[in-house]
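S.K.: Let me begin by handing over the structure; questions about it come next.
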């Protein structure tokens with residue numbers, strides 16, 4: 231067609247780009263895909279929606295980075311259950327103006343992430359409209375034979391541990407982070423993970439999710455929190471610690487284990503990504519931040535929330 | 231909080247609304263849900279995104295109707311595979327202004343549809359922004375022991391059959407249609423369905439999907455096409471037949487069977503929804519519409535497409 235291009239052309243171009251995958255009994259091109267789940271232990275499912283102007287801006291982000299991120303945030307959720315990602319479907323609202331090229335680059339980014347983590351692209355829904363880009367991805371995964379790790383299993387006395395470092399993700403990491411899929415599987419293999427979450431809302435906010443679901447409290451040692459270089463170098467009026475506690479989009483794992491398992495993990499970390507003990511679960515229902523001089527201050531669930539106006 | 235309400239309040243209110251479901255080993259409230267798939271035959275997955283101003287307008291549609299529709303369009307896709315829907319996840323971009331109430335009503339509509347079809351609400355992602363409402367739902371389903379019915383199985387000589395009637399959906403049916411889940415299962419039980427699709431893009435466009443995937447042609451008898459009351463009463467400059475062929479969003483089933491099975495289905499229709507024979511699959515690659523006087527005219531894939539501008 232001369233003057234504009236249609237959804238079906240776009241979909242046809244995608245079908246040529248997207249490889250077949252052994253987990254797809256039936257892939258893109260029918261009313262639904264059929265994903266093989268040979269193990270009847272069940273199917274993990276998670277969804278995340280990213281919106282232009284809220285979760286990213288193009289530029290500085292490239293459409294490929296947005297594509298990568300839109301799948302990676304979901305892989306991070308599967309990692310937080312210590313699951314293996316298997317397949318995904320994507321729905322996209324593309325701005326009508328220039329949406330064809332944008333859609334192709336987005337799909338390249340999604341495809342790169344899918345390739346890297348061996349995730350089958352099982353289907354999607356492509357739409358156009360006159361507003362900013364929206365992309366929603368659903369990922370299916372499977373728990374390992376050790377089961378899925380929930381937020382609700384933290385016990386008093388548990389060590390609170392984390393992968394990587396925190397804060398300042400907006401400087402770049404939020405677009406090209408590596409979801410901790412391999413790390414979660416390695417940790418799950420090496421230790422009895424009591425509770426786990428991926429840090430998307432912010433370290434304090436996501437810690438609070440574990441505490442609320444597990445009905446426990448915590449003491450966090452502020453000197454132990456691994457602060458990213460981006461947070462350490464921040465030049466605004468917030469301290470590096472404040473950035474690390476509340477910035478969000480770190481996509482690191484926050485988990486709890488018994489002290490014996492915690493010591494083993496520190497001595498023989500089953501991966502190259504560093505892990506740190508940042509505090510301890512308590513029997514209470516409060517969360518304290520312990521400062522260098524031993525002072526305890528209440529730590530509220532700082533971090534990002536979507537707000538409504540009446 | 232006094233002046234505005236937050237995502238977590240909204241989610242907390244949803245968790246109280248949403249019942250547990252036997253297919254959910256783990257439901258809303260963790261990083262991912264765990265859906266039970268006891269049969270290792272696999273997991274059907276489909277996704278559809280609806281956008282305000284493109285797929286619906288509020289008003290005249292109510293948020294409950296939009297919620298119903300957003301799940302029902304996906305159930306229609308599972309029906310088109312002759313599958314049983316099992317669970318769903320929803321991601322929503324709510325306009326910041328008034329989004330809390332809108333979100334609740336949407337979720338009521340989704341919940342009503344989920345209840346009606348015994349679908350587990352497994353999770354979601356709620357967001358706010360300053361643009362119109364976007365809702366994306368992913369449904370997981372399972373094939374029956376007779377397998378999933380694809381678009382690609384039509385054979386020359388097959389009868390082309392359809393449930394219900396076509397055209398004029400915009401007058402109201404597009405918002406409160408009943409996805410043909412039960413009908414698809416009953417047909418699959420009673421006959422060897424060679425190919426099936428649900429009519430969302432339009433009768434002609436979706437017939438073309440079957441023809442292209444099956445690499446066959448067809449002759450459609452224009453007198454046999456069941457025309458809805460809404461299409462028959464349309465007062466614009468298009469004929470009722472044109473409405474029936476191209477309006478779309480009928481969410482009826484279009485399927486092909488061998489003539490023997492076709493005759494059996496007409497004699498003993500395994501449900502109350504009417505079915506009609508509308509034509510026959512041919513060995514060619516063209517699709518003809520046969521008029522009352524026997525004249526054959528090419529039938530192009532009329533119907534709705536999302537268009538891009540350069």
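Protein chains in written order, with my numbering: chain S, 231 to 540; chain A, 231 to 540.
Just so you know, even glycine gets a beta-carbon here, dropped at the ideal spot from N, CA and C.
Quick one: using the 10 Å Cβ neighbour count with 16 as the cut-off for buried, is residue 304 of chain S buried or exposed?
M.R.: In the first chain, the residue the question calls residue 304 of chain S occupies position 74. When all chains shown are included, residue 304 of chain S counts as buried.
S.K.: Helix, strand or coil for residue 485 of chain S? Go by DSSP, reduced to three states.
M.R.: Position 255 of the first chain, counted from the first residue, corresponds to residue 485 of chain S. Residue 485 of chain S falls in the strand class under three-state DSSP.
S.K.: Please report the distance separating the alpha-carbon of residue 412 of chain A from that of residue 508 of chain A.
M.R.: Taking the first residue of the second chain as 1, we reach residue 412 of chain A at position 182. Taking the first residue of the second chain as 1, we reach residue 508 of chain A at position 278. C-alpha separation (whole angstroms): 21 Å.
S.K.: In this structure, what does DSSP give as the bridge partners for residue 364 of chain A?
M.R.: Here residue 364 of chain A refers to the residue found at position 134 when the second chain is read from its first residue. Under the DSSP definition of a beta bridge, residue 364 of chain A partners with A:281, A:323.
S.K.: Go ahead and pull the three-state DSSP assignment for residue 373 of chain A.
M.R.: As a first step, residue 373 of chain A is located in the second chain; it is residue number 143 there, counting from the start. Three-state result, residue 373 of chain A: strand.
S.K.: So which residues on chain S does residue 427 of chain A lean against when the C-beta distance must stay under 7 Å?
M.R.: In the second chain, residue 427 of chain A corresponds to position 197, counting from 1. Simply 261.
S.K.: Would you check if the distance between the CB atom of residue 326 of chain A and the CB atom of residue 360 of chain A is smaller than 7 Å?
M.R.: As a working mapping, residue 326 of chain A is identified with position 96 in the second chain. As a working mapping, residue 360 of chain A is identified with position 130 in the second chain. Yes, these two residues count as a Cβ contact at 7 Å.
S.K.: State buried or exposed for residue 357 of chain S, treating a residue as buried only when at least 16 other CB atoms are found within 10 Å of its CB.
M.R.: Stepping through the first chain from its first residue, residue 357 of chain S is reached at position 127. Residue 357 of chain S is buried by the Cβ-count criterion.
S.K.: At least one CB of chain S closer than 7 Å to the CB of residue 347 of chain A: is that the case?
M.R.: Here residue 347 of chain A refers to the residue found at position 117 when the second chain is read from its first residue. Not one chain S Cβ lies under 7 Å of residue 347 of chain A.
S.K.: Within the continuous beta strand (DSSP E) that includes residue 255 of chain S, where are the two ends?
M.R.: Along the first chain, one-based indexing puts residue 255 of chain S at 25. From DSSP, the beta strand (DSSP E) with residue 255 of chain S extends over 254–256.
S.K.: So that I know if they touch, is there some Cβ in chain A lying closer than 7 Å to that of residue 268 of chain S?
M.R.: Taking the first chain and counting its residues from 1, one reaches residue 268 of chain S at position 38. Taking Cβ atoms only, chain A reaches closer than 7 Å to residue 268 of chain S, which makes this a yes.
S.K.: Which residues of chain A have a Cβ atom closer than 8 Å to the Cβ of residue 411 of chain S, listed in chain order?
M.R.: Walking along the first chain from the start, residue 411 of chain S turns up at place 181. Near residue 411 of chain S there are no residues of chain A at all, since even the closest Cβ is about 12 Å away, more than 8 Å.
S.K.: So, for residue 306 of chain A: in the same chain, excluding its five sequence neighbours on each side, which residues have a beta-carbon less than 6 Å away from its beta-carbon?
M.R.: The residue given as residue 306 of chain A occupies position 76 in the second chain. Excluding residues within five positions, the ones whose Cβ falls inside 6 Å are 409, 428, 481.
S.K.: Does any residue of chain S have a CB that is nearer than 7 Å to the CB of residue 273 of chain A?
M.R.: Along the second chain, one-based indexing puts residue 273 of chain A at 43. Yes, because at least one Cβ of chain S sits closer than 7 Å to the Cβ of residue 273 of chain A.
S.K.: What residue from S:367, S:493, S:487, S:416 has the CA that sits closest to residue 424 of chain S's CA?
M.R.: One-based indexing of the first chain puts residue 424 of chain S at position 194. Of the listed residues, the one whose Cα sits closest to residue 424 of chain S is S:487.
S.K.: If we cut at 7 Å on Cβ distances, does residue 232 of chain S have a partner in chain A?
M.R.: Counting from 1 along the first chain, the entry for residue 232 of chain S is found at position 2. At residue 232 of chain S the pLDDT is 33, less than 50, meaning the model places this residue with poor confidence; the figure from the coordinates comes in the next sentence. Taking Cβ atoms only, chain A never reaches closer than 7 Å to residue 232 of chain S, which makes this a no.
S.K.: Taking C-beta to C-beta, are residue 310 of chain A and residue 396 of chain A nearer than 7 Å?
M.R.: Taking the first residue of the second chain as position 1, residue 310 of chain A is located at position 80. Taking the first residue of the second chain as position 1, residue 396 of chain A is located at position 166. No, Cβ-Cβ distance for residue 310 of chain A and residue 396 of chain A is not below 7 Å.
S.K.: Check each candidate in S:498, S:349, S:406 and name the one with the smallest Cα separation from residue 250 of chain S.
M.R.: For the purposes of this step, residue 250 of chain S is taken as residue 20 along the first chain, with counting starting at 1. Selected option, being the one with the closest Cα: S:349.
S.K.: First and last residue of the beta strand (DSSP E) that includes residue 505 of chain S?
M.R.: Locating residue 505 of chain S in the first chain gives position 275, where the first residue counts as 1. Residue 505 of chain S -> beta strand (DSSP E) spans 505–512.
S.K.: Would a check of beta-carbon distances place residue 307 of chain S closer than 7 Å to chain A?
M.R.: Walking along the first chain from the start, residue 307 of chain S turns up at place 77. With a threshold of 7 Å between beta carbons, residue 307 of chain S makes contact with chain A.
S.K.: For a contact meaning CB atoms closer than 7 Å, what does residue 265 of chain A contact in chain S?
M.R.: What you label residue 265 of chain A is simply residue 35 of the second chain in a count that begins at 1. Contact annotation for residue 265 of chain A against chain S: 272, 273, 275 [CB-CB distance below 7 Å, chain order].
S.K.: Is the distance from the Cβ of residue 332 of chain A to the Cβ of residue 289 of chain A below 7 Å?
M.R.: Translated into positions along the second chain, residue 332 of chain A becomes position 102. Translated into positions along the second chain, residue 289 of chain A becomes position 59. No. Outside cutoff.
S.K.: If you run the structure through DSSP and keep just helix, strand and coil, what is residue 569 of chain S?
M.R.: With chain S running from 231 to 540 in the structure shown, residue 569 of chain S is simply not present.
S.K.: Compare the C-beta of residue 355 of chain A with all C-beta atoms of chain S and state if any pair is closer than 7 Å.
M.R.: Taking the second chain and counting its residues from 1, one reaches residue 355 of chain A at position 125. Closer than 7 Å to some Cβ of chain S, the Cβ of residue 355 of chain A qualifies, so yes.
S.K.: Within 7 Å of any Cβ in chain S, is that where the Cβ of residue 278 of chain A sits?
M.R.: The residue you call residue 278 of chain A lines up with position 48 of the second chain. Closer than 7 Å to some Cβ of chain S, the Cβ of residue 278 of chain A qualifies, so yes.
S.K.: For residue 496 of chain S, does the three-state DSSP call read helix, strand or coil?
M.R.: To locate residue 496 of chain S, count along the first chain from 1; it is residue 266. In the structure shown, residue 496 of chain S sits in a helix (DSSP, three-state: H, G or I).
S.K.: Might you give, ordered along the chain, the residues of its own chain that have their beta carbon closer than 8 Å to the beta carbon of residue 466 of chain A, omitting 5 neighbours on each side?
M.R.: Indexing the second chain from 1 puts residue 466 of chain A at position 236. None.
S.K.: When we look at the beta-carbon of residue 497 of chain S and count the other beta-carbons within 10 Å, is it buried (16 or more) or exposed?
M.R.: Within the first chain, residue 497 of chain S is the residue found at index 267, counting from 1. Counting Cβ neighbours within 10 Å, residue 497 of chain S comes out exposed, since fewer than 16 surround it.
S.K.: Using the C-alpha atoms, what's the distance from residue 434 of chain S back to residue 314 of chain S?
M.R.: One-based indexing of the first chain puts residue 314 of chain S at position 84. One-based indexing of the first chain puts residue 434 of chain S at position 204. Between residue 314 of chain S and residue 434 of chain S, the C-alpha separation is close to 26 Å.
S.K.: In the DSSP assignment, what residue or residues form a beta bridge with residue 541 of chain A?
M.R.: Nothing can be reported for residue 541 of chain A, as the shown portion of chain A is limited to 231 through 540.
S.K.: If you reduce the DSSP assignment to three classes, tell me which class residue 355 of chain S lands in.
M.R.: Reading the first chain from its first residue, position 125 is the one you call residue 355 of chain S. In the three-state scheme derived from DSSP, where H, G and I count as helix and E and B as strand, residue 355 of chain S is classed as strand.
S.K.: With 7 Å set as the bound, which would you pick, yes or no: does the beta-carbon of residue 522 of chain S sit closer than that to a beta-carbon of chain A?
M.R.: Walking along the first chain from the start, residue 522 of chain S turns up at place 292. No, no contact with chain A.
S.K.: Jot down the residue ranges of each uninterrupted beta strand (DSSP E) in the region 415–468 of chain S, minimum 3 residues, whole runs only, in chain order.
M.R.: Entirely contained in the region 415–468 of chain S, the beta strand (DSSP E) runs reaching 3 residues are, in chain order, 425–428, 447–451.
S.K.: Would you kindly check if the distance between the Cβ of residue 271 of chain S and the Cβ of residue 373 of chain S is under 7 Å?
M.R.: Start at 1 with the first residue of the first chain, and residue 373 of chain S comes out as number 143. Start at 1 with the first residue of the first chain, and residue 271 of chain S comes out as number 41. The answer is yes: Cβ separation under 7 Å.
S.K.: Going by other Cβ atoms of all chains shown within 10 Å of its Cβ, with 16 needed for buried, is residue 491 of chain S buried or exposed?
M.R.: The residue labelled residue 491 of chain S in the question sits at position 261 within the first chain. With 16 or more Cβ atoms within 10 Å of its Cβ, residue 491 of chain S is classed as buried.
S.K.: Kindly say whether residue 408 of chain A, judged by its beta-carbon, lies nearer than 7 Å to any beta-carbon of chain S.
M.R.: Within the second chain, numbered from 1, the residue matching residue 408 of chain A stands at position 178. Judged by the 7 Å Cβ criterion, residue 408 of chain A is not in contact with chain S.
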